[in-house]
Amino acid sequence: MDEELNVTYITFDGHIFLFFIMFTLYILITCSNSIIIYLILIHKNLHEPMDTFIAALLLNVAIYATAIYPKLLIDFLSEKQIISYSACLFQFFIIYSLGCSEFVLLAAIAYDRYMAICKPLQYPTIMRKSTVSIFLEWLKVNCCVRSRLVTVFGIICYFDFVILPRLFIVFTYTKIFIVSYHSRKEIKKKAAETCLPHILVLMSFSCLGVYDVTISRVESDFPKTARFIVSLQLALYQPLFNPLIYGLKMKEISKHLKRLFCPIKFF
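Numbering-wise, full-length UniProt numbering puts 245 at position 245 of the sequence shown, and it's gapless, one number per residue.
See the structure below:
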């Protein structure tokens, strides 16, 4: 009696070019985020609260990319693109949890900038290492609770981890803008240098994130190609450009990057 075996064949036909493109992007994302995190860890002058939050944000982005790209790369090399229900739920949970964490971290960075610019005398007292450590410990994902009211639970989480942080960010940057507008030129320059990268990251992530959440819950005749392109931007733009924005725009991090890649000074 012949035994029937289920065999999965892996093929390189048709998707090999896409595989190498996405694999290259994944390597760039991993390396660029890891380099910034490494610089923040080894240099003591980058152990300030804002730098710690940036490192946590980039780590969050790197994990976010790892939750998407490996499965995507496997699909490019597979004859059939299949995912189990449990794996789909796990990936869904990881992606949305990390998305919520990014909004909370951006809110923490906004608060740090608010204290540094608007209340500089109170900054050393409030933004201590112990305060940052407590915040990062609280940020650990503890959402593995079963609930029958999944929709209600999702709405509550969306309000707590997306809406409230965004409102808080708008409030803090409004206060920073008002204080900077009535301050000296040096204060305005400092505010622009430190706040502009966060605002760029926040705006891009907010627009793409709101689109992704809305489209997945609302029936729409939105073209599939356009939907795919925007979804790809969420998986590509943030992980790849976050380290570039922070590495080039943040003065101290940019200085250490130049020393790392150009150790010899040319006169």
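Note that beta-carbon positions come from the ideal geometry of N, C-alpha and C, so glycine has one too.
Computed from a prediction, not measured in an experiment: that's the story for all the values here.
DSSP three-state call for residue i: helix, strand or coil?
| i | result |
| --- | --- |
| L121 | coil |
| R184 | coil |
| S206 | helix |
| S84 | coil |
| C195 | helix |
| M127 | coil |
| P223 | coil |
| C100 | helix |
| C262 | coil |
Looking at residue i: is its Cβ nearer than 7 Å to the Cβ of residue j?
| i | j | result |
| --- | --- | --- |
| N45 | S101 | no |
| L77 | F19 | yes |
| P165 | F103 | yes |
| L248 | S254 | yes |
| L73 | F135 | no |
| A65 | I29 | yes |
| residue 269 | K175 | Summary: the structure shown does not reach residue 269, with the chain confined to residues 1 through 267, and so no result is reported for it. |
| I82 | A191 | no |
| T172 | Y211 | no |
| A55 | I35 | no |
| S180 | K188 | yes |
When you compare each of the options to residue i by their alpha carbons, which one comes out closest?
| i | options | result |
| --- | --- | --- |
| I109 | H15, H198 and L25 | H198 |
| H47 | A235, L248 and V132 | V132 |
| S231 | M250, C207, L248 and I253 | C207 |
| P243 | N33, T24 and L25 | N33 |
| Y246 | Y181, E193, K189 and L73 | E193 |
| M50 | G209, K129 and I35 | K129 |
| Y96 | G209, H182 and R227 | G209 |
| N163 | L202, Y237 and K119 | Looking at the sequence provided, one finds Ile at residue 163 rather than Asn. Comparing Cα-Cα distances from I163 to each of L202, Y237 and K119, the minimum goes to L202. |
| L106 | I42, L196 and Q233 | L196 |
| L257 | I187, H43, I117 and L28 | H43 |
| L89 | A55, P239, A67 and L200 | A67 |
| L240 | Y114, Y69 and T125 | Y69 |
| Y26 | L98, I63 and F92 | I63 |
| L58 | G99, H15 and F228 | G99 |
| D75 | Y237, L41, A56 and H15 | H15 |
| Q238 | L200, K251 and I40 | L200 |
| I21 | K188, L121 and L236 | L236 |
State yes or no: is the C-beta of residue i nearer than 6 Å to some heavy atom of the ligand NAP?
| i | result |
| --- | --- |
| Y26 | With respect to the ligand NAP, the structure shown offers nothing to examine, as it has no ligands at all. |
Worksheet item: Enumerated in chain order, which unbroken segments of the alpha helix (DSSP H) with a length of 4 residues or greater are wholly contained in the region 11–55?
Response: 16–42
Worksheet entry | Minimum length 3: unbroken beta strand (DSSP E) runs contained in the region 227–260 | none
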